[in-house]
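Okay, so here's the structure we're looking at.
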Amino acid sequence: MNSTTQKRVCIIGGGASGITAIKQLLDEGHVPVCFERSADMGGVFNYKKDQDSAVESGLVNGVYKNTVLTISNYLMCFSDLPPSGRRRHWHHTEYRQYLSDYIDKFNLAPHINLQHTVTKVVPVNQGTNGYQVTVQDPNGAEQVQQFDALAVCSGTHQIANIPNIKGLESFAGKISHGSQYNTSDMAKGKRVLCVGLGESSADITREISETADECHLALRSYPFLIPRNLNHSSSDAWTSRLHHDYHTPKHESAISYLMLLVYYLLLRPFLFKRDRAKMDSFDQDTSQNMLDLNTPGTSENVKLIKAWNYLSKGRRFATKNVTFVPNVINGKIQVNASGIDRFTAHQVIFNDGTRKDIDLVMFATGYKENFNFIEGFQLKDNNVRNLFMNSIPTDLHNCAFIGWARPVTGGIPACSEMAARYFALLVSGKRKIPADAQQRIAADQKFYHEFYSKNSPTLNTVVGWKRHLENLAELIGCQVHTARYILQPGLFVRLFAGSLVPSQYRLEGPHAMPDSAARSIREIPITLPSSHILYGIKMNLSNKFKFLRQRALARKTNLDYSEFFSEWFRFDIPLTLKDIHRFSFRADDFNKKFNKL
Numbered sequence: 117m118n119s120t121t122q123k124r125v126c127i128i129g130g131g132a133s134g135i136t137a138i139k140q141l142l143d144e145g146h147v148p149v150c151f152e153r154s155a156d157m158g159g160v161f162n163y164k165k166d167q168d169s170a171v172e173s174g175l176v177n178g179v180y181k182n183t184v185l186t187i188s189n190y191l192m193c194f195s196d197l198p199p200s201g202r203r204r205h206w207h208h209t210e211y212r213q214y215l216s217d218y219i220d221k222f223n224l225a226p227h228i229n230l231q232h233t234v235t236k237v238v239p240v241n242q243g244t245n246g247y248q249v250t251v252q253d254p255n256g257a258e259q260v261q262q263f264d265a266l267a268v269c270s271g272t273h274q275i276a277n278i279p280n281i282k283g284l285e286s287f288a289g290k291i292s293h294g295s296q297y298n299t300s301d302m303a304k305g306k307r308v309l310c311v312g313l314g315e316s317s318a319d320i321t322r323e324i325s326e327t328a329d330e331c332h333l334a335l336r337s338y339p340f341l342i343p344r345n346l347n348h349s350s351s352d353a354w355t356s357r358l359h360h361d362y363h364t365p366k367h368e369s370a371i372s373y374l375m376l377l378v379y380y381l382l383l384r385p386f387l388f389k390r391d392r393a394k395m396d397s398f399d400q401d402t403s404q405n406m407l408d409l410n411t412p413g414t415s416e417n418v419k420l421i422k423a424w425n426y427l428s429k430g431r432r433f434a435t436k437n438v439t440f441v442p443n444v445i446n447g448k449i450q451v452n453a454s455g456i457d458r459f460t461a462h463q464v465i466f467n468d469g470t471r472k473d474i475d476l477v478m479f480a481t482g483y484k485e486n487f488n489f490i491e492g493f494q495l496k497d498n499n500v501r502n503l504f505m506n507s508i509p510t511d512l513h514n515c516a517f518i519g520w521a522r523p524v525t526g527g528i529p530a531c532s533e534m535a536a537r538y539f540a541l542l543v544s545g546k547r548k549i550p551a552d553a554q555q556r557i558a559a560d561q562k563f564y565h566e567f568y569s570k571n572s573p574t575l576n577t578v579v580g581w582k583r584h585l586e587n588l589a590e591l592i593g594c595q596v597h598t599a600r601y602i603l604q605p606g607l608f609v610r611l612f613a614g615s616l617v618p619s620q621y622r623l624e625g626p627h628a629m630p631d632s633a634a635r636s637i638r639e640i641p642i643t644l645p646s647s648h649i650l651y652g653i654k655m656n657l658s659n660k661f662k663f664l665r666q667r668a669l670a671r672k673t674n675l676d677y678s679e680f681f682s683e684w685f686r687f688d689i690p691l692t693l694k695d696i697h698r699f700s701f702r703a704d705d706f707n708k709k710f711n712k713l
């Protein structure tokens with residue numbers, strides 16, 4: 117790239133999103149300059165043992181000592197560096213090593229300035245004439261630098277969100293947030309209230325319940341739970357093109373599914389052979405049939421998961437961690453799902469009238485957005501859904517927010533990589549924001565509200581894995597034309613029945629890596645049962661042909677996904693009305709709503 121088109125790009129944040137942004141901008145010949153306020157790269161995976169001092173200095177920690185990823189290495193990786201070996205759920209130190217390997221492989225370290233904090237950004241003429249960026253160095257000295265483009269990659273885990281609950285200001289005990297959590301030592305000898313149940317809270321609550329004198333869990337709604345193990349493999353092995361095409365039928369041709377059916381009927385023993393590993397993704401013997409890390413698939417554990425999924429009504433973010441469930445069953449975690457009414461000096465009072473004495477409140481209630489460091493920029497409703505593809509502001513030139521797309525199943529880093537690839541092409545002038553961007557934003561808002569945010573209205577970063585990646589792939593020009601691979605049956609079959617891994621988006625388009633991408637896709641074993649493959653083919657063919665689609669719609673008019681999952685997951689253990697009642701964990705008349713199942 118010549119000097120007239122080469123751009124100097126400011127990247128704020130040296131976590132996974134910032135790291136891949138450097139790489140994608142380098143691929144386009146630009147000059148990325150990354151500023152990371154910590155003493156090391158890794159973002160939320162830059163583990164700090166002393167959380168309290170980290171929070172006091174403004175460095176919120178995203179991982180605790182025993183953090184294990186909620187998705188497997190196959191989906192947590194970048195497309196240009198797929199992992200080797202079998203599917204596993206990495207410990208946070210293993211993923212941090214992966215990021216370090218990525219930096220080394222592509223020589224990204226020279227572009228990262230550690231212990232440098234961006235304090236202010238001034239867009240010049242809405243970014244048309246670049247950005248003036250004020251940076252504070254390790255000695256506290258500030259300097260203003262000029263850039264042609266801006267990538268904000270600091271992510272959502274910055275400002276802890278403490279909900280405004282009546283009486284909290286008068287509570288005499290300790291108030292903490294999940295961002296400050298490291299180990300359960302802080303809970304020893306205490307009566308602890310844990311508030312909220314996301315993926316991190318599932319771990320934190322379980323660990324606290326093993327140490328505290330009492331552990332209470334406050335919920336205002338029921339989570340939708342997905343065990344990390346399913347059918348002797350990681351549950352995200354089921355995150356396939358075959359399943360996700362239900363919601364994005366436009367992306368695949370009918371001929372592809374017809375050929376997939378032909379291959380299935382004629383060559384199933386050869387092309388669709390399932391591999392059952394001896395060890396699951398947590399290095400546990402698959403014969404134990406574990407649901408999650410140290411979580412056996414007992415009847416009671418399964419019934420609680422199915423009951424809460426039924427009560428959740430679906431259409432929300434999925435909590436991919438059920439390690440806490442056994443401690444609910446054995447009573448170490450006392451659940452109240454009626455919501456918190458108020459606090460007193462030493463008690464919490466729930467909406468159903470129940471009172472509990474507590475010494476410590478642990479909030480696992482997420483984070484708040486703050487873009488005030490960009491002068492003059494106001495994101496509507498402070499909601500990233502108002503960005504194009506949850507990334508590109510339409511009123512700032514050559515600017516992107518990378519890391520604000522969190523898939524229900526799948527990894528944030530892969531979404532960030534695709535956003536960074538598109539941004540790099542925008543900066544190069546090889547792509548333009550489409551003229552109908554506002555209409556696309558509105559369409560995404562409508563879709564995500566209906567499918568994911570209806571019962572979790574504050575989760576504005578949540579996206580659908582395939583929908584989001586396929587839409588970005590179209591903008592980049594790296595969409596997978598599956599019909600092109602029909603004569604490569606081993607690859608073709610895995611594009612549908614194998615995991616929807618990031619490497620698929622390196623088969624074609626700008627900076628493609630077709631040989632290595634195809635090789636990594638072929639190496640991933642198929643884990644879907646034959647019945648699910650056949651059902652997926654049937655459902656997707658129904659989407660392609662009008663007469664079949666009308667019949668399918670007629671059959672599923674009243675189908676609720678949460679009810680469907682409750683029946684489909686471990687169908688050998690049926691859910692009863694009695695199970696719903698006993699696992700509702702409310703002392704009011706809530707159960708009167710459920711007089712039939």
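Take 117 as the starting number for the sequence shown in the working numbering and just add one per residue. The C-beta atom is built at its ideal place from N, Cα and C for all residues, glycine as well.
From the options, pick the residue whose C-alpha is nearest to that of residue i; which is it?
i, options, result
"Gln556", "Thr510, Lys709, Arg537 and Phe151", "Per the sequence shown, the amino acid found at residue 556 is Arg instead of Gln. Of the listed residues, the one whose Cα sits closest to Arg556 is Thr510."
"Ser619", "Ile421, Phe194 and Gly131", "Phe194"
"Phe440", "Lys123, Gly519, Tyr373 and Ser317", "Ser317"
"Gly526", "Gly129, Asp688 and Leu185", "Leu185"
"Ser154", "Gln140, Tyr218, Asn245 and Gln274", "Gln274"
"Lys582", "Pro605, Leu542 and Val524", "Val524"
"Arg102", "Met395, Ala276, Leu141 and Lys570", "With the chain covering 117 to 713 only, the question about residue 102 has no answer from this structure."
"Val500", "Ser356, Phe433, Thr574 and Ser658", "Thr574"
"Tyr379", "Phe710, Ile649 and Ala703", "Ile649"
"Gly246", "Phe504, Leu266, Asn437 and Ser428", "Leu266"
"Val791", "Ala137, Val179 and Asp475", "This structure does not reach residue 791, given that the chain is present from 117 up to 713, and the question cannot be answered."
"Phe433", "Lys708, Arg204, Ser351 and Phe567", "Phe567"
"Val308", "Leu603, Thr235, Met478 and Leu644", "Met478"
"Ile602", "Leu377, Thr209 and Asp220", "Leu377"
"Arg322", "Ser532, Gly447 and Tyr621", "Gly447"
"Cys594", "Cys150, Tyr214, Asp220 and Glu624", "Glu624"
Apply the 10 Å Cβ neighbour rule to residue i and answer buried if 16 or more other Cβ atoms are within range, or exposed otherwise.
i, result
"Leu607", "buried"
"Lys694", "exposed"
"Ile528", "buried"
"Ala613", "buried"
"Asn241", "exposed"
"Thr673", "Confidence is the limiting factor: at Thr673 the pLDDT is only 40, short of 50, which leaves the residue's position unreliable, though a coordinate-based value still follows. Its Cβ having fewer than 16 others within 10 Å, Thr673 is exposed."
"His227", "buried"
"Thr233", "buried"
"Asp196", "buried"
"Ser647", "exposed"
"Ala551", "exposed"
"Pro385", "exposed"
"Lys139", "buried"
Under 8 Å, do residue i and residue j count as touching if we go by C-beta distance?
i, j, result
"Glu144", "Ala521", "no"
"Ala328", "Phe701", "no"
"Tyr651", "Ile592", "no"
"Arg344", "Ser397", "yes"
"Lys422", "Leu691", "yes"
"Ile420", "Phe699", "In the sequence as displayed, the identity of residue 420 is Leu instead of Ile. Cβ distance < 8 Å, so Leu420 and Phe699 count as in contact."
"Thr272", "Tyr426", "no"
"Asn189", "Trp206", "yes"
"Val251", "Phe489", "no"
"Lys123", "Val418", "no"
"Ile653", "Lys436", "no"
What residue range is occupied by the uninterrupted alpha helix (DSSP H) comprising residue i?
i, result
"Phe539", "Ile528 to Ser544"
"Thr327", "Glu315 to Thr327"
"Lys236", "That residue, Lys236, is in no alpha helix (DSSP H); its beta strand (DSSP E) goes Thr233 to Pro239."
"Ala516", "Premise fails: Ala516 lies in the beta strand (DSSP E), Cys515 to Phe517, not in any alpha helix (DSSP H)."
"Gln554", "Ala553 to Tyr564"
"Phe612", "Pro605 to Ala613"
Span of the beta strand (DSSP E) holding residue i?
i, result
"Lys290", "Lys290 to His293"
"His332", "Glu330 to Ala334"
"Ala265", "Ala265 to Val268"
"Phe459", "Ile456 to Phe459"
"Met478", "Leu476 to Phe479"
"Lys472", "Arg471 to Asp473"
"Thr183", "Where Thr183 is concerned, there is no enclosing beta strand (DSSP E), given that its DSSP letter is neither H nor E."
"Arg124", "Arg124 to Ile128"
With respect to 7 Å, is the separation between the Cβ of residue i and the closest non-hydrogen atom of the ligand NAP below this value?
i, result
"Val237", "For the structure depicted, the ligand NAP is absent and the ligand set is empty, with no information on it obtainable."
Check your understanding: In chain order, which alpha helix (DSSP H) runs of at least 4 residues are fully inside the stretch 345-385?
Key -> 357-360
Point to revise | Any alpha helix (DSSP H) of 4 or more consecutive residues that is wholly inside the stretch 427-451 | key: 441-445
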